[in-house]
Amino acid sequence: MAFLDYLATEGAITEAQIVSLRRAAEEKHHGRLDLALAAIGITDDVLLPMKSTYFNIPIRSVDPKSFPFDVLKYVSADAASLYQFVPLSLSEGILEVGIVDPENTKTFDAIQFTASKLNVPFKVFLIARPTFEAILGNYAGVSGEVAKATEAIEISAAKEISLPAKGEEKIVEEAPIIKIVDVIINNAVEGGASDIHIENIGDKVKVRYRVDGVLHTTLTLPLNVFASIVARVKILAKLRLDEKRKPQDGSFSARVAGRKVDFRVSSFPSVYGEKVVLRILDVERGIRSLTDLGMTEKNLTLIKEAIDKPYGLILLTGPTGSGKTTTLYAMLKELDRETNNVVSLEDPVEYSIPGVNQSQVMPEIGYTFAAGLRSILRQDPDIIMVGEIRDKETATLAIQAALTGHLVFSTLHTNTSLGVVPRLVDMGIDPYLIAPTLILTVAQRLVQATCPESKKAIPTPKSLVETFESQFADLPPAVRKEIKLPETVYETVSSAGCPEGTKGRSAIYEMFKVDKTMADVILKNPVESEIYKAARAQGMLTLKEDALLKAVNGQIPMAEVYGLEVF
Numbered sequence: 133m134a135f136l137d138y139l140a141t142e143g144a145i146t147e148a149q150i151v152s153l154r155r156a157a158e159e160k161h162h163g164r165l166d167l168a169l170a171a172i173g174i175t176d177d178v179l180l181p182m183k184s185t186y187f188n189i190p191i192r193s194v195d196p197k198s199f200p201f202d203v204l205k206y207v208s209a210d211a212a213s214l215y216q217f218v219p220l221s222l223s224e225g226i227l228e229v230g231i232v233d234p235e236n237t238k239t240f241d242a243i244q245f246t247a248s249k250l251n252v253p254f255k256v257f258l259i260a261r262p263t264f265e266a267i268l269g270n271y272a273g274v275s276g277e278v279a280k281a282t283e284a285i286e287i288s289a290a291k292e293i294s295l296p297a298k299g300e301e302k303i304v305e306e307a308p309i310i311k312i313v314d315v316i317i318n319n320a321v322e323g324g325a326s327d328i329h330i331e332n333i334g335d336k337v338k339v340r341y342r343v344d345g346v347l348h349t350t351l352t353l354p355l356n357v358f359a360s361i362v363a364r365v366k367i368l369a370k371l372r373l374d375e376k377r378k379p380q381d382g383s384f385s386a387r388v389a390g391r392k393v394d395f396r397v398s399s400f401p402s403v404y405g406e407k408v409v410l411r412i413l414d415v416e417r418g419i420r421s422l423t424d425l426g427m428t429e430k431n432l433t434l435i436k437e438a439i440d441k442p443y444g445l446i447l448l449t450g451p452t453g454s455g456k457t458t459t460l461y462a463m464l465k466e467l468d469r470e471t472n473n474v475v476s477l478e479d480p481v482e483y484s485i486p487g488v489n490q491s492q493v494m495p496e497i498g499y500t501f502a503a504g505l506r507s508i509l510r511q512d513p514d515i516i517m518v519g520e521i522r523d524k525e526t527a528t529l530a531i532q533a534a535l536t537g538h539l540v541f542s543t544l545h546t547n548t549s550l551g552v553v554p555r556l557v558d559m560g561i562d563p564y565l566i567a568p569t570l571i572l573t574v575a576q577r578l579v580q581a582t583c584p585e586s587k588k589a590i591p592t593p594k595s596l597v598e599t600f601e602s603q604f605a606d607l608p609p610a611v612r613k614e615i616k617l618p619e620t621v622y623e624t625v626s627s628a629g630c631p632e633g634t635k636g637r638s639a640i641y642e643m644f645k646v647d648k649t650m651a652d653v654i655l656k657n658p659v660e661s662e663i664y665k666a667a668r669a670q671g672m673l674t675l676k677e678d679a680l681l682k683a684v685n686g687q688i689p690m691a692e693v694y695g696l697e698v699f
C-alpha cells in the first residue's frame, strides 16, 4: 500500500485526490509529495503522526532558535538543501538526522554516504517542514542572516548620522547594516575565530574568519553594502568616519552569548577602499596559566626558575601570531603581584591583569616603549614587562634595567631562541652587557592540535625510529637516554567529531638558559653556531624536536612537524 493510499484509508484524503496529488507533486513541487499535501491543507500536525506510523520512523521535535550551530558542520549546506535532510546531533558516536520526505530514496542515499564518510552509524527522525526550513535557514549561519538583512536594506528606514568633521558629508547607518555587522561578529565569536577580515576585492566584499590560525572565507557581500559596513565598525570603534586616507586603530566591547568580548579594530586604506580587521579578545575566558600552555615538564621548570630570579632579562621570540603575548601574560599571572611592583608597557593592552600597572604606548604623541621605559624606572618597579624591543634605544634601556636589579620580560623578532644574542649584537648592544643580564630566551610557534577523538594508536614505523636517531644524535648521551620512542605512537585521523582530525592550536617551544658556560660563549664568540653547540651540550631541544615529541604522543599531527620552517 502506497502512502497516499494509506492516507485515504485513514480518512486524511479521498481516493479521488490520489491521482491529482501525485500529478501536483511531480509538476509543481519537484516530486515532493509533502508539499503537494500541504497545498491542499494537510498540516504537519495531521501528517507527521501518519508518516511516523506508516514509515516506522520516530518524530523529533526541534527548536530551530536553540539549534546547535556546531552540528551543521557535518553536512554541507548544498547537500542539506538538495537532498532534504539536516543533521540534528552527533551523540555517542551516532549521527542523528532529520528528514521531511521518507519516500525520497536519494535522501537516504545521501545520509548513508555522509555517515560512511564520517565513519559513524546514523538514526533518522521525522521533522516538520517548517522546522526543516528554519534549520536550513540557520544552516547558512552568517550567510543566511546576512542575506535577509541585505535584502531588507532598500526598504528599511534609514537614520542619518552627520560626520564629525564635515557637515556636508553624511553616511546612512541602516538597521539591516547593523544586523549584518552583528551577525558577522556573533558568528565569529561563537565559531572560535581570533580575527575578522572585511575587505573589498574589487567586484565584491569578502569576509574571512581566522580560526585555529587559518583564514577561511565565510561569506561574500555585494559592493553596495561595503561603505556602510565599514562605517558601522568605525562607529563602534570610535574611529573618524571621514578619515579614509590613513590607517586608524580603535576598540570596543560587546556582550556575545552572554559574555563580555573585547574587539581591537584596525582600518587600512587599500586600492578598493578601507580594509577592516577586528581582533577578538575573549575577556571572560581569562588569562591562561603557564601549566595550560602545553609546555613539557623541562620547559615549564626552566621558565618558572627564570621568573623566580630577582633580576635579569627574559626574551620571547617568534613571528607575529605565535602566541608570545599569551605566554607573557601567563608569566605575569604567575608572579607575586602583592609584594612586587609589576609594571607593563604594551601596544596595545589586550587583557587586564589585577595587580599589574598596565600602560599603553602611543607613538603618535611620542610615548614610545623607550620613553615609557624611562618613566617606569622612576616608578620604583620590581618587575617590568615591555611589549616589544623594536630598536637599540629600547634594548639598551631594558638591559640597563636588568643590570640595575629589575626583572624584565620582553619580546624580540628572531626565528629561533638562539638568534636572540646575535640580534641584540646587531642592534648595537655589547656582548659584555648581554652576558650578565640575559637569563632565558624562549622561541615559540602555534601549530594545529590533534582532536582528542582523532588519535589513532599505531605501531611505531621504522622510518620514525630512524628519524629519532638522526634528530637527537648530537645531544649528550645522558639527555639522549631520557628521550625514548614508545613502541606505539599516534597518528591523526578523521573522526565524527573532527572530520579534519584537528581542533584548536597548541604551542611548541624552544628554550635555552644562560648559565656561566653560555655567558662565556656570548662574551667570546656570540654567533649562532657557537651558541647552538653550547645549548645542545646543555640538552636544549629545538622547536622541531618539541613538535616531534608532541606528535608522537598524539598532541599534534605529524604533518605539523614536517611543515615547520625552522628546524
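Throughout, my numbering is defined as the position within the sequence shown, counted from one, plus 132.
Beta carbons are placed, not taken as given, at the ideal position from N, Cα and C, and that holds for glycine.
On a predicted model such as this, the values are computed, not experimentally measured, just so you know.
- Per DSSP, the unbroken beta strand (DSSP E) holding K392 starts and ends at 391 to 400.
- Judged by DSSP in its simplified three-state form, D381 adopts strand.
- Less than 8 Å separates the beta-carbon of L169 from that of L179.
- Rounded to the nearest whole angstrom, the C-alpha separation of L368 and H329 is 16 Å.
- In this structure the region 401 to 414 does not touch the region 495 to 505; the number of beta carbon pairs closer than 8 Å is below three.
- The C-beta of L347 has fewer than 16 other C-beta atoms within 10 Å across all chains shown, which makes the residue exposed.
- With a 10 Å radius around the Cβ and a threshold of 16 neighbouring Cβ atoms, N657 comes out exposed.
- Taking a contact to require three or more Cβ pairs closer than 8 Å, the region 444 to 460 and the region 533 to 544 qualify as touching.
- DSSP places V481 in the coil class of the three-state scheme, outside both helix and strand.
- By the neighbour-count criterion, in which a residue is buried when 16 or more other Cβ atoms sit within 10 angstroms of its Cβ, M672 is buried.
- Only exposed fits I172, as fewer than 16 other CB atoms lie within 10 angstroms of its CB.
- Inter-residue distance for P513 and G323 is about 40 Å (C-alpha atoms, whole angstroms).
- Spanning the alpha carbons of G636 and Y186 requires a straight line of approximately 45 Å.
- Residue environment for K336: exposed (fewer than 16 other C-beta atoms within 10 angstroms of its C-beta).
- With a minimum length of 3 residues, the unbroken runs of beta strand (DSSP E) contained wholly in the region 193 to 236 fall at 217 to 223, 226 to 231.
- Rounded to whole angstroms, the separation of the alpha carbons of I150 and K160 is 15 Å.
- Taking 8 Å as the cut-off, the Cβ atoms of I309 and V357 count as close.
- Taking a 10 Å sphere around the C-beta of F644, we find 16 or more other C-beta atoms and assign the residue as buried.
- One Cα belongs to G633, the other to L413, and the distance between them is close to 26 Å.
- In terms of Cβ geometry, L550 and I663 form a close pair [threshold 8 Å].
- The closest CA to that of L258, considering only S223, F217, V252, is found on F217.
- A direct Cα-to-Cα measurement between L227 and T239 gives close to 15 Å.
- Taking 8 Å as the cut-off, the beta carbon of S454 is found closer than this to the beta carbon of R577.
- The C-beta distance from G519 to E585 rounds to 38 Å, too long to fall under 8 Å, and the pair is not in contact.
- It is roughly 44 Å from the alpha-carbon of L351 to the alpha-carbon of M559.
- Annotated as proximal: I419 and I485, with beta-carbon spacing under 8 Å.
- Rounded to the nearest angstrom, the Cβ distance from P591 to T620 is 6 Å, consistent with a contact under 8 Å.
- Non-local C-beta neighbours of A438 in its own chain, meaning closer than 8 Å and more than five positions away in sequence, comprise G444, I446, I571, L572, K645, ordered along the chain.
- Ranked by Cα distance from L425, the first of V553, I640, S402, T175 is I640.
- Bounds of the beta strand (DSSP E) holding Y341 are 337 to 343.
- If you draw a 10 Å sphere on the C-beta of D176, you find 16 or more other C-beta atoms in it, and that means buried.
- Going by DSSP, Q603 is part of the alpha helix (DSSP H) stretching over 594 to 603.
- Ranked by Cα distance from E331, the first of A363, T674, R668 is A363.
- Residue state for Q687 is assigned as coil, using DSSP reduced to three classes.
- The residue among K430, R469, P451 with its C-alpha nearest the C-alpha of A575 is P451.
- For E429, the number of other beta carbons within 10 angstroms of its own is below 16, and it is reported as exposed.
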